[in-house]
Amino acid sequence: QKEVEQDPGPLSVPEGAIVSLNCTYSNSAFQYFMWYRQYSRKGPELLMYTYSSGNKEDGRFTAQVDKSSKYISLFIRDSQPSDSATYLCAMKGSQGNLIFGKGTKLSVKP
Amino acid sequence: GAVVSQHPSWVICKSGTSVKIECRSLDFQATTMFWYRQFPKQSLMLMATSNEGSKATYEQGVEKDKFLINHASLTLSTLTVTSAHPEDSSFYICSAGPTAPNTGELFFGEGSRLTVL
């Protein structure tokens, strides 16, 4: 079993839809959880950063962490075409590096 | 968020030559920087952890003599791909954070796309 599992998609939604992106993980020691957005041919951009369980909201983005289920989510409200990108979940490994999911490719259609 | 700058953004070189990629933290000091590689349509894979003032730590399967890492200051780490071959063509990305490695809050450079002819 891989440490971090993420459905690669692709996921296509109409503009204005609520998008739900998810990852599961196997290592119960993970404490820090991140979501990155990566546009084509660009480096990842940090979107959300969460420590331990709970919710965190930033504008149209909400990150949820459920450590009991080893499940994290990113919700995007009122999705826009500019949100079209690959979204990567990541968790902090024991050496301080990030362990990434495969990324979900999202396309928001006007 | 914190800013990490990477240079060059793209480079084309002949097989057998060496290429140096720079990673700089612009508004914070980074004792630790991470180098990742990303092949098309795949996720980022950690290559090595760069530690200021000491030797880098390489992931299993990554040749340390081929991918030379130098972290000479708290704001600069360099990755040199020596004797590059076409299979080394990839997207190389560095990351760093003001509180790394204690937390996972890492910011990424824009990446360097290497094409080896």
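From first to last, the protein sequence lines stand for chains A and B. So for the first sequence, our numbering puts the first residue at 1; every next one is plus one. So for the second sequence, our numbering puts the first residue at 1; every next one is plus one. Note that beta-carbon positions come from the ideal geometry of N, C-alpha and C, so glycine has one too.
Practice prompt. Specify the secondary structure class of A:S82 as computed by DSSP and reduced to three states.
Written response: Here residue 82 of chain A corresponds to residue number 82 of the first sequence, with the count starting at 1. Reduced to three states, the DSSP call for A:S82 is helix.
C-beta atoms of A:I76 and A:D66 nearer than 8 Å:
Working through the first sequence from its first residue, we reach residue 76 of chain A at position 76. Working through the first sequence from its first residue, we reach residue 66 of chain A at position 66. It is not a contact, given that the beta carbons lie outside the stated cut-off.
Q. Touch check for the stretch 44–57 of chain B and the stretch 85–98 of chain A: three-plus C-beta pairs under 8 Å?
A. As far as the Cβ criterion goes, the stretch 44–57 of chain B touches the stretch 85–98 of chain A, which means the pair count is three or higher.
Segments of 3+ residues assigned as beta strand (DSSP E) that fall wholly inside the stretch 62–87 of chain B: The qualifying runs are 67–73 and 76–81.
Practice task
Could you check how far apart the C-beta atoms of A:L47 and A:L106 are, in whole angstroms? I think they sit under 8 Å.
Solution key: The residue labelled residue 47 of chain A in the question sits at position 47 within the first sequence. The residue labelled residue 106 of chain A in the question sits at position 106 within the first sequence. Not a contact, Cβ separation roughly 12 Å.
At least one CB of chain B closer than 8 Å to the CB of A:Y87: is that the case? On the first sequence, residue 87 of chain A is found 87 positions in, with the first residue counted as 1. No, its Cβ sits nowhere closer than 8 Å to a Cβ of chain B.
Who are the Cβ neighbours of A:E5 in its own chain at under 6 Å, not counting the five residues just before and after it?
What you label residue 5 of chain A is simply residue 5 of the first sequence in a count that begins at 1. By the criterion of a C-beta distance shorter than 6 Å, A:E5 is surrounded in its chain by T24, once the five residues flanking it on both sides are discounted.
* Asked: A:I72 lies in the beta strand (DSSP E); which residues open and close that run?
  -> As a working mapping, residue 72 of chain A is identified with position 72 in the first sequence. For A:I72, the enclosing beta strand (DSSP E) covers residues Y71 to I76.
So that I know if they touch, is there some Cβ in chain A lying closer than 8 Å to that of B:I69?
Within the second sequence, numbered from 1, the residue matching residue 69 of chain B stands at position 69. Not one chain A Cβ lies under 8 Å of B:I69.
Practice prompt. Could you work out which residues of chain A lie near B:E105, taking near to mean beta carbons separated by less than 8 Å?
Written response: The sequence position of residue 105 of chain B within the second sequence is 105, counting from 1. Contact annotation for B:E105 against chain A: Y32, M34, L46 and Y49 [CB-CB distance below 8 Å, chain order].
- Query: What are the partner residues of B:V116, as DSSP defines its beta bridges?
  - Reply: Counted from its first residue, the second sequence places residue 116 of chain B at position 116. Answer by DSSP bridge pairing, in chain order: B:C13.
Worksheet item: Any Cβ of chain B within less than 8 Å of the Cβ of A:L98?
Response: Counting from 1 along the first sequence, the entry for residue 98 of chain A is found at position 98. Judged by the 8 Å Cβ criterion, A:L98 is in contact with chain B.
Practice prompt. Using the DSSP secondary-structure output, state which residues sit across from A:K105 in a beta bridge.
Written response: Within the first sequence, the letter at position 105 stands for residue 105 of chain A. Beta-bridge pairing links A:K105 to A:T86.
Please report whether the beta-carbon of A:G101 lies at a distance below 8 Å from any beta-carbon of chain B. Position 101 of the first sequence holds residue 101 of chain A. By this cut-off, A:G101 is an interface position.
Given a cut-off of 8 Å, decide if B:G97 and B:E105 are closer than it, judged by their beta-carbon atoms. Residue numbering aside, residue 105 of chain B sits at position 105 when the second sequence is read from its first letter. Residue numbering aside, residue 97 of chain B sits at position 97 when the second sequence is read from its first letter. Cβ atoms of B:E105 and B:G97: closer than 8 Å.
Practice problem: Identify which residue in A:K42, A:Y71, A:T62 and A:G103 has its Cα closest to the Cα of A:D78. | Solution: Here the question's residue 78 of chain A lines up with position 78 in the first sequence. Comparing Cα positions, the closest option is A:T62.
Quiz prompt | Three-pair Cβ contact test at 8 Å for the stretch 55–66 of chain B versus the stretch 5–18 of chain B | solution = No, because fewer than three Cβ pairs between the stretch 55–66 of chain B and the stretch 5–18 of chain B fall closer than 8 Å, the two stretches do not touch.
(request) For B:E110, return the contacting residues in chain A, with the cut-off set at a CB-CB distance below 8 Å. (result) Reading the second sequence from its first residue, position 110 is the one you call residue 110 of chain B. At a C-beta separation below 8 Å, B:E110 has these neighbours in chain A: K42 and G43.
Give the straight-line distance between the Cα atoms of B:D88 and B:V3, rounded to the nearest whole angstrom.
In the second sequence, the residue the question calls residue 88 of chain B occupies position 88. In the second sequence, the residue the question calls residue 3 of chain B occupies position 3. C-alpha separation (whole angstroms): 27 Å.
B:C94 to B:T75 span [Cα, whole Å] | The sequence position of residue 94 of chain B within the second sequence is 94, counting from 1. The sequence position of residue 75 of chain B within the second sequence is 75, counting from 1. In a straight line, the C-alpha of B:C94 is about 12 Å away from that of B:T75.
Exercise. By DSSP, does A:E5 sit in helix, in strand, or in coil?
Worked result: Residue 5 of chain A sits at position 5 when you count from the first residue of the first sequence. Looking at A:E5 - three-state DSSP - the assignment turns out to be strand.
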